[in-house]
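Going down the list, the sequences are from chains G and E.
Last residue of the first sequence: 493 in our numbering, with the numbers rising by one and none dropped.
Last residue of the second sequence: 1236 in our numbering, with the numbers rising by one and none dropped.
Beta carbons are placed, not taken as given, at the ideal position from N, Cα and C, and that holds for glycine.
Read the structure below first, then the notes.
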Amino acid sequence: MATDLMIQAEGLTKRYGETQALAGVDIAVPAGTILGLLGPNGAGKTTAVRVLTTLARPDSGSATVAGIDVLRHPAEVRRHIGVAAQDATLDQLLTGRQNLVLIGELSDMGRAASRARAKELLAQFELTDAADRVVKGYSGGMRRRLDLAGSLMTRPPVLFLDEPTTGLDPTSRLRVWQAIRELLGEGVTVLLTTQYLEEADELAHDIVVVDHGRVIAQGTPQELKQASRGARLEVTLAEPHASAVGAMAPLVSGPVSVSDDGRTLSAGVDSSTGLATVVVRALDDAGVLVDNIEVRQPSLDDVFFSLTGDHIEEEGAAESDETGSGSGGAATGSPGPVGSGEGRHELEGVRA
Amino acid sequence: MTTAVLTPSSTGFDRPHSGGSFLGSLADIWAMTRRNLVHISREPMQLSDVTIQPLLFTVLFVYIFGGAIPIPGGGSYVDFLLAGILALNLTTSTMGTAIGLSTDLHEGMIDRFRTLPMWRSAVLVGRSAADFLTSVLCATIVILTGLAVGWRPGSSAISVIGGFGLLLFFAYAVSWVSACVGLNSKSPESAGSFGFIVLFPLTFVSNAFVPTQHMPGWLQAVANWNPVSAVVAGARDLWGNPNPSAMVQVWPMQHPVEAALIWSVVILAVACPFAAHSFKKRTTE
């Protein structure tokens, strides 16, 4: 058993009324790494974070953070964690600086040390100009950055970031990503929840995919993307054409699926340089007029589809549960087994 | 098993472990108190409740009712009024406690507090400490306004201070009732309505503004046993101001200071544990 797990959870379950928010979740995060907890709304990500940050007690299961038992010594755990919750937990009526100093003082840092650290963080997150303005007037991006700064006041060794970039514009998102990457250099261990595969891909060493309170897959970003069959090529034709599929088929991996109106063709591809040019040329040679061509990286929806055979937000079918229990044993870092839905993925809409 | 692999040097984690200690708790209370004082200073409604409203009410009551209300046993209306107007302002301003706590619970900030290694009850105690300090500010404004419009105490300095102490202690006790309301209300708005539905009638059905002698019989009974009446009569006694309630033959009006203290202690004894219980219930999941 690894001795350097900074976050570890086994068999966490939690029910809120009728909703089984967690149905047996295992998490293991080695020291100094970022784990991406990936899943759609309502998958149980926030509940898992609430349990690990001592805000909620699980119905069953156990967890340790920084080696401390979360259920038995919650007060001690709080000394080792920083938390940036999904809804920025800031005091609207205080200034940015006052928010940070308050967090510092309530964490026993002392006034002088709190002020010094606040100043440092405000500069780091480019909030110095807004430092003495009331948070009420902050933009969404500024709030998120301040919230992140707040979670770093005490230089905690373990950090929980619950959807740190949801609702942010692309520039703010990049800034937050940059800040998170810099933390790694300081040896911090991070558990990050996100709805975006791209975000997990950018930041996380390992990804755990959750749905309906269960882990349905885990592995490195690379492994998960492979499991979801890599990128997809999508071509929109000016009008349906009989020889389009034939022209495209040799250039892609797997069967070509055609939309109902016959105008959109898509297929999995191994992204190679100049692929779009080659495809357009081949279609042109076949006399097909192309309106649009796009190589799309797999989205979270694609990953979900290939793992569960279900699109996000739909009720889980029986297969998804089986897939989930199967991947429970994938703790060695291998990608979760690809669900039986994978095959159907290619069948859907194929009419050629 | 996992082990606690952290050392201060490896993580930069070097906070002193004062949590759980008495001093640590005091520091948490002080930090929360200051935070709440900043809040009050930035909330126009709450700020005017303890500054402009007391000034306005004192002046309005003195000049509007002053000539119209005869005081049984004699004396000037402004001397009679001051204890009453202070009771009104202090009691109704405790609704700030209800609104403040309810707002804390409904905004994400409470989750932040709960993940910090702080003494959790500092959220409650810091709130009541801040509200007590604003009560003192409110009282100061009423006194200064009163002196400006002609109020004069007729007793020793110690006795005068004792009168203020009695009023402030009662207001502090009521602020814990207000805390219970805030902790159990669905929204800050519904917490705020507590002031209008409960606190205003409570203060008006008393001897605060008019002598109870002129009220209908059943209302007189309610007014004479109203804790606000005991507090107001007690303050009038201690200030050497006209106190017509002394002529009313019920125990609280005959022993207003004792009655006021008993009421305050009883209210605190019930409201404090209930507030602590409500707070725990609201912050456990």
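Check your understanding: Among the residues of its own chain, which have a CB less than 6 Å from the CB of ALA472 of chain G, if the five just before and after it don't count?
Key -> Within the first sequence, residue 472 of chain G is the residue found at index 331, counting from 1. Unreliable placement is indicated for ALA472 of chain G, whose pLDDT of 34 sits below 50; the coordinate value is still reported in the next sentence. Answer for ALA472 of chain G: no residue qualifies.
Review point. Does the Cβ-Cβ distance between SER1196 of chain E and PRO1207 of chain E come in under 8 Å?
Key: Translated into positions along the second sequence, residue 1196 of chain E becomes position 245. Translated into positions along the second sequence, residue 1207 of chain E becomes position 256. For SER1196 of chain E and PRO1207 of chain E, yes; Cβs fall inside 8 Å.
**Study point:** N- and C-terminal bounds of the alpha helix (DSSP H) containing ASN1175 of chain E
**Key:** Here the question's residue 1175 of chain E lines up with position 224 in the second sequence. Start and end: 1168–1176.
Check your understanding: Hey, VAL299 of chain G and VAL206 of chain G are a contact pair by Cβ (cut 8 Å); roughly how many whole angstroms apart?
Key -> Along the first sequence, one-based indexing puts residue 299 of chain G at 158. Along the first sequence, one-based indexing puts residue 206 of chain G at 65. At roughly 6 Å, the Cβ-Cβ gap stays under 8 Å, so VAL299 of chain G and VAL206 of chain G are in contact.
Review point. How about THR187 of chain G and THR307 of chain G: do their beta carbons lie closer than 8 Å?
Key: Your numbering for residue 187 of chain G matches position 46 in the first sequence. Your numbering for residue 307 of chain G matches position 166 in the first sequence. Result no, Cβ atoms of THR187 of chain G and THR307 of chain G do not sit closer than 8 Å.
Exercise for review: For the stretch 1053–1134 of chain E, list the alpha helix (DSSP H) runs that are entirely contained and at least 4 residues long, ordered along the chain.
Suggested key: Segments of the alpha helix (DSSP H) lying fully in the stretch 1053–1134 of chain E: 1060–1065 and 1073–1099.
**Study point:** C-alpha gap between ALA510 of chain G and ALA345 of chain G, whole angstroms
**Key:** In the structure as shown, chain G starts at 142 and stops at 493, and residue 510 of chain G therefore has no counterpart that could be examined.
Practice item. Verify the CB distance criterion: does MET1046 of chain E have a CB-CB separation below 8 Å to chain G? Key: As a working mapping, residue 1046 of chain E is identified with position 95 in the second sequence. Not an interface residue.
Practice item. Determine the direct distance from the alpha carbon of LEU163 of chain G to that of ARG198 of chain G, and round the result to whole angstroms. Key: Along the first sequence, one-based indexing puts residue 198 of chain G at 57. Along the first sequence, one-based indexing puts residue 163 of chain G at 22. Rounded to whole angstroms, ARG198 of chain G to LEU163 of chain G spans 12 Å at the Cα level.
**Study point:** At least 3 beta-carbon pairs within less than 8 Å: the stretch 981–989 of chain E vs the stretch 1080–1100 of chain E
**Key:** These segments touch.
Check your understanding: Helix, strand or coil for ALA264 of chain G per DSSP?
Key -> In the first sequence, counting from the first residue as 1, residue 264 of chain G sits at position 123. Reduced to three states, the DSSP call for ALA264 of chain G is helix.
Exercise for review: Give a yes or no on whether 8 Å exceeds the smallest Cβ distance from ILE244 of chain G to chain E.
Suggested key: Translated into positions along the first sequence, residue 244 of chain G becomes position 103. Taking CB atoms only, ILE244 of chain G has a neighbour in chain E less than 8 Å away.
**Study point:** Chain-ordered chain G contacts of ALA982 of chain E [CB-CB under 8 Å]
**Key:** Here residue 982 of chain E refers to the residue found at position 31 when the second sequence is read from its first residue. Ordered by position in chain G, the residues that pass the 8 Å Cβ test against ALA982 of chain E are LEU243, GLU246 and LEU247.
Review point. Straight-line CA distance for ALA259 of chain G to THR174 of chain G?
Key: Taking the first sequence and counting its residues from 1, one reaches residue 259 of chain G at position 118. Taking the first sequence and counting its residues from 1, one reaches residue 174 of chain G at position 33. Within the model, the alpha-carbon separation for ALA259 of chain G versus THR174 of chain G is close to 25 Å.
Review point. Among G:SER248, G:GLU151 and G:ARG156, which one has its Cα closest to the Cα of TRP981 of chain E?
Key: To locate residue 981 of chain E, count along the second sequence from 1; it is residue 30. For TRP981 of chain E, the nearest C-alpha among the options comes from G:SER248.
Point to revise | Under 8 Å by beta carbon: chain E residues contacting THR194 of chain G | key: Against the first sequence, residue 194 of chain G aligns to sequence position 53. At a C-beta separation below 8 Å, THR194 of chain G has these neighbours in chain E: THR1066.
Check your understanding: Pick from G:MET294, G:ARG238 and G:LEU430: whose alpha carbon is nearest that of LEU268 of chain G?
Key -> Along the first sequence, read from residue 1 onward, the residue named residue 268 of chain G stands at position 127. For LEU268 of chain G, the nearest C-alpha among the options comes from G:ARG238.
Review point. Using a threshold of 7 Å, is the CB atom of ALA1211 of chain E nearer than that to any non-hydrogen atom of the ligand NAD?
Key: This structure simply doesn't include the ligand NAD, nor any ligand for that matter.
Check your understanding: What does DSSP give as the partner residues of GLY409 of chain G in its beta bridges?
Key -> Residue numbering aside, residue 409 of chain G sits at position 268 when the first sequence is read from its first letter. In the DSSP output, where bridge partners are listed per residue, GLY409 of chain G has G:ARG373 and G:SER394.
**Study point:** Proximal residues to ARG219 of chain G (C-beta, below 7 Å), its chain only, five neighbours per side dropped
**Key:** Within the first sequence, numbered from 1, the residue matching residue 219 of chain G stands at position 78. Leaving aside the five residues that flank ARG219 of chain G on each side, the residues in its chain whose CB is nearer than 7 Å to its CB run, in chain order, THR195.
Point to revise | CB contact flag (LEU332 of chain G, VAL431 of chain G, <8 Å) | key: Position 191 of the first sequence, counted from the first residue, corresponds to residue 332 of chain G. Position 290 of the first sequence, counted from the first residue, corresponds to residue 431 of chain G. It is not a contact, given that the beta carbons lie outside the stated cut-off.
Review point. Considering only the beta carbon of each residue, do VAL1029 of chain E and ASP1055 of chain E sit closer than 8 Å?
Key: Residue numbering aside, residue 1029 of chain E sits at position 78 when the second sequence is read from its first letter. Residue numbering aside, residue 1055 of chain E sits at position 104 when the second sequence is read from its first letter. Taking 8 Å as the cut-off, the Cβ atoms of VAL1029 of chain E and ASP1055 of chain E do not count as close.
Review point. Are the CB atoms of GLY409 of chain G and SER394 of chain G nearer to each other than 8 Å?
Key: By one-based count along the first sequence, residue 409 of chain G stands at place 268. By one-based count along the first sequence, residue 394 of chain G stands at place 253. Yes, they are a contact pair.
Point to revise | Straight-line Cα distance separating ARG314 of chain G from ARG404 of chain G | key: On the first sequence, position 263 is the one that residue 404 of chain G refers to. On the first sequence, position 173 is the one that residue 314 of chain G refers to. About 35 Å.
Exercise for review: May I ask you to verify whether the stretch 1110–1121 of chain E touches the stretch 1019–1033 of chain E, counting CB pairs closer than 8 Å and requiring at least 3?
Suggested key: Touching, no, given that fewer than three Cβ pairs across the two stretches are closer than 8 Å.
Check your understanding: What did DSSP end up calling GLU1236 of chain E once you bin it into helix, strand or coil?
Key -> Reading the second sequence from its first residue, position 285 is the one you call residue 1236 of chain E. Taken through DSSP and simplified to helix, strand or coil, GLU1236 of chain E comes out as coil.
Exercise for review: Taking ALA978 of chain E as the query, report the chain G residues whose CB atoms sit under 8 Å from its CB, ordered along the chain.
Suggested key: The residue given as residue 978 of chain E occupies position 27 in the second sequence. Going along chain G in sequence order, the residues near ALA978 of chain E (Cβ under 8 Å) are GLU246 and ASP249.
Point to revise | Start-to-end residues for the alpha helix (DSSP H) that takes in TYR279 of chain G | key: In the first sequence, counting from the first residue as 1, residue 279 of chain G sits at position 138. DSSP places TYR279 of chain G in no alpha helix (DSSP H); its state is neither H nor E.
Point to revise | Best match in E:GLY1077, E:PRO1104, E:PRO1193 and E:VAL1128 for proximity to PHE1160 of chain E [C-alpha to C-alpha] | key: Indexing the second sequence from 1 puts residue 1160 of chain E at position 209. Ranking E:GLY1077, E:PRO1104, E:PRO1193 and E:VAL1128 by Cα distance to PHE1160 of chain E puts E:PRO1193 first.
Practice item. Per DSSP, which residues does PRO495 of chain G bridge with? Please list them. Key: Lying outside 142 to 493, the shown extent of chain G, residue 495 of chain G is not represented and no answer is given.
Exercise for review: Count the other CB atoms, across all protein chains shown, that sit within 10 Å of the CB of VAL350 of chain G; report buried if there are 16 or more and exposed otherwise.
Suggested key: The residue given as residue 350 of chain G occupies position 209 in the first sequence. Here VAL350 of chain G is buried. Its C-beta has 16 or more other C-beta atoms within 10 Å.
Review point. CA-CA distance, CYS1089 of chain E and ARG316 of chain G?
Key: Stepping through the second sequence from its first residue, residue 1089 of chain E is reached at position 138. Stepping through the first sequence from its first residue, residue 316 of chain G is reached at position 175. Whole-angstrom Cα-Cα distance: 46 Å.
Check your understanding: Of all the beta strand (DSSP E) runs that stay within the bounds of the stretch 202–238 of chain G, which reach a length of 3 or more residues?
Key -> Here the runs fully enclosed are 222–225.
**Study point:** Beta carbon proximity, GLN319 of chain G to chain E, threshold 8 Å
**Key:** Reading the first sequence from its first residue, position 178 is the one you call residue 319 of chain G. GLN319 of chain G has a beta carbon lying at 8 Å or more from every beta carbon in chain E.
Point to revise | 8 Å Cβ cutoff met for PRO1023 of chain E and PRO1162 of chain E | key: By 1-based counting over the second sequence, the position of residue 1023 of chain E is 72. By 1-based counting over the second sequence, the position of residue 1162 of chain E is 211. The answer is yes: Cβ separation under 8 Å.
Practice item. Determine the DSSP secondary structure at VAL1217 of chain E, reduced to helix, strand or coil. Key: Within the second sequence, the letter at position 266 stands for residue 1217 of chain E. In this structure, VAL1217 of chain E counts as helix in the three-state DSSP scheme.
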